[in-house]
């Protein structure tokens with residue numbers, strides 16, 4: 005039986021609304037941030053011929069990066085062309101369509117690290133290609149989430165090779181074929197027609213290259229940055245900071261000898277008193293009623309499913325996997 009045929013991972017209910025509210029938490033945050041930034045870009049744009057001070061401060065400008073403004077290698081991925089809605093609309097639609105599935109596979113934290121790293125890699129390849137092939141164009145700049153989105157699209161094509169998309173919104177083709185056609189066009193523009201395109205095709209190729217290396221080498225980015233994502237590490241930092249600021253917390257120490265003396269002097273209840281206090285359940289009667297047991301079962305199952313949504317199915321322990329299998333059998337028997 006496939007994993008998606010089991011009760012605890014099967015998605016029932018409304019297809020669109022349920023999918024939007026339960027899946028792709030990081031994708032929704034990324035889309036929301038991009039939309040807010042785009043609104044700021046539009047509001048700070050003085051006219052139709054200038055991008056505005058906000059866009060100019062965070063776009064990937066080659067010459068400014070070389071002069072030390074390295075934050076542009078990442079911030080450009082949250083900017084879009086304020087003169088048209090289509091640039092951000094297409095990027096965000098592709099991010100949501102394909103990013104939600106990749107996030108389900110990787111887990112939200114790993115997916116966020118992958119997306120940001122892919123955007124950084126795309127920005128670096130754009131920078132290097134600009135220095136190698138276009139040294140006579142000092143005003144080169146780049147903006148848009150396309151590099152990270154192409155990386156997500158590449159990883160989705162690897163994991164779901166049979167998925168189909170509409171080429172030119174008309175012709176259904178497999179996702180890997182669509183990706184090959186798209187990247188072949190980018191490679192042609194970069195290597196053979198590099199002076200006649202305003203699209204940052206090098207960023208697209210950089211995102212796809214990063215996703216391919218990520219998959220081939222079986223990279224897990226969170227293993228490289230454990231302190232940044234470890235809740236125990238963050239809790240330790242907070243406790244150390246609080247101790248330095250407010251001093252150590254007061255602790256109550258008890259004399260063990262005094263405790264033993266007090267326990268020895270404490271009166272013990274008689275047998276009759278103990279019988280009147282404790283009334284065991286009669287034989288044959290369950291200690292926990294069926295509704296209470298169901299409540300405990302569902303609570304534990306909800307906790308495990310919540311863990312799957314946070315860190316992915318691959319991080320479940322063996323006992324948690326066995327519990328989900330047993331819970332699936334229990335609910336199946338009750339339906340039959």
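Numbering (this note's numbering), first residue to last: 5 to 340. In this text, a Cβ means the ideal position worked out from N, Cα and C, and glycines have one as well.
(message) Starting from residue 76, trace the alpha helix (DSSP H) in both directions and tell me its first and last residue.
(response) Numbered from its first residue, the chain shown carries residue 76 at position 72. Start and end: 76-79.
(request) May I have the straight-line CA-CA distance separating residue 118 from residue 31, to the nearest angstrom? (result) Here residue 118 corresponds to residue number 114 of the chain shown, with the count starting at 1. Here residue 31 corresponds to residue number 27 of the chain shown, with the count starting at 1. Taking the straight line joining both Cα atoms gives about 12 Å.
(request) Please report the Cβ distance between residue 69 and residue 131, rounded to the nearest whole angstrom; I am assuming they are in contact, meaning their Cβ atoms lie under 8 Å. (result) Looking up residue 69 in the chain shown gives position 65. Looking up residue 131 in the chain shown gives position 127. Between residue 131 and residue 69 the Cβ distance is about 6 Å, and since that is below 8 Å, they are a contact.
(request) Please confirm whether residue 311 and residue 320 have their CB atoms less than 8 Å apart. (result) Within the chain shown, residue 311 is the residue found at index 307, counting from 1. Within the chain shown, residue 320 is the residue found at index 316, counting from 1. Contact flag set, yes.
(request) Could you name the residues of the same chain whose beta carbon sits closer than 6 Å to that of residue 155, not counting the 5 residues immediately before and after it, in chain order? (result) Here the question's residue 155 lines up with position 151 in the chain shown. Once the five neighbours on either side are set aside, the close Cβ partners of residue 155 are 122, 211, 214, 215.
(request) My understanding is that residue 62 touches residue 47, with C-beta atoms under 8 Å, so please give their C-beta distance in whole angstroms. (result) The residue labelled residue 62 in the question sits at position 58 within the chain shown. The residue labelled residue 47 in the question sits at position 43 within the chain shown. With a Cβ gap of about 15 Å, residue 62 and residue 47 do not count as contacting.
(request) Starting from the C-beta of residue 116, find all residues in its chain whose C-beta is less than 7 Å away, skip the five residues before and the five after it, and write them out in chain order. (result) The residue labelled residue 116 in the question sits at position 112 within the chain shown. Hits under 7 Å: 30.
(request) For residue 325, name the three-state secondary structure that DSSP assigns. (result) As a first step, residue 325 must be located in the chain shown, where it is residue number 321. Note: residue 325 maps to helix in three-state DSSP.
(message) Looking at the secondary structure, which residues open and close the alpha helix (DSSP H) in which residue 180 lies?
(response) Within the chain shown, residue 180 is the residue found at index 176, counting from 1. Residue 180 -> alpha helix (DSSP H) spans 179-195.
(message) I need the DSSP call for residue 220, collapsed to helix, strand or coil.
(response) Looking up residue 220 in the chain shown gives position 216. Three-state DSSP puts residue 220 in a helix.
(message) If you reduce the DSSP assignment to three classes, tell me which class residue 281 lands in.
(response) Mapped onto the chain shown, residue 281 falls at position 277. A caution first: residue 281 carries a pLDDT of 45, below 50, which makes its placement in the model too unreliable to give a value.
(message) Within a Cβ cutoff of 7 Å, which residues of the same chain sit near residue 87, ignoring the five residues on either side of it in sequence?
(response) Taking the first residue of the chain shown as 1, we reach residue 87 at position 83. Closer than 7 Å at the Cβ level, and outside the excluded window around residue 87, lie 52.
(request) Figure out for me which residue from 135, 145, 185 has the closest Cα to the Cα of residue 64. (result) Taking the chain shown and counting its residues from 1, one reaches residue 64 at position 60. Per the Cα distances, 145.
(request) Drop a sphere of 10 angstroms on the beta-carbon of residue 74, count the other beta-carbons inside from all chains shown, and report buried for 16 or more, exposed for fewer. (result) Taking the first residue of the chain shown as 1, we reach residue 74 at position 70. Exposed.
(request) Tell me whether residue 64 sits in a helix, a strand or coil according to DSSP, three-state version. (result) In the chain shown, counting from the first residue as 1, residue 64 sits at position 60. Strand.
(request) List the DSSP bridge partners of residue 169. (result) Indexing the chain shown from 1 puts residue 169 at position 165. According to DSSP, residue 169 bridges with 177.
(request) Give every residue of the same chain whose Cβ lies closer than 6 Å to the Cβ of residue 333, excluding the five residues on either side of it in the sequence, and list them in chain order. (result) The sequence position of residue 333 within the chain shown is 329, counting from 1. Nothing listed; no residue qualifies.
(request) Ignore the nearest five residues each way along the sequence and tell me which others in residue 179's own chain have a CB closer than 6 Å to its CB. (result) Here residue 179 refers to the residue found at position 175 when the chain shown is read from its first residue. Correct list, in chain order: 161, 167, 169.
(message) Considering only their Cβ atoms, is the gap separating residue 183 from residue 114 smaller than 8 Å?
(response) On the chain shown, position 110 is the one that residue 114 refers to. On the chain shown, position 179 is the one that residue 183 refers to. Against a cut-off of 8 Å, the Cβ pair of residue 183 and residue 114 comes out as no contact.
(message) Only counting the same chain, and skipping five residues up and downstream in sequence, which positions put a Cβ closer than 8 Å to that of residue 78?
(response) Here residue 78 refers to the residue found at position 74 when the chain shown is read from its first residue. Closer than 8 Å at the Cβ level, and outside the excluded window around residue 78, lie 120, 123, 124, 127.
(message) Taking the straight line between their C-alpha atoms, what separation do you get for residue 296 and residue 303?
(response) Along the chain shown, read from residue 1 onward, the residue named residue 296 stands at position 292. Along the chain shown, read from residue 1 onward, the residue named residue 303 stands at position 299. Because the pLDDT of residue 296 is 48, which lies under 50, any placement of that residue in the model is unreliable, and the question is left without a value.
(message) Pull the bridge partners of residue 146 from the DSSP assignment, please.
(response) Here residue 146 is taken as the residue at index 142 of the chain shown, counted from 1. According to DSSP, which records beta bridges pairwise, residue 146 is partnered with 64.
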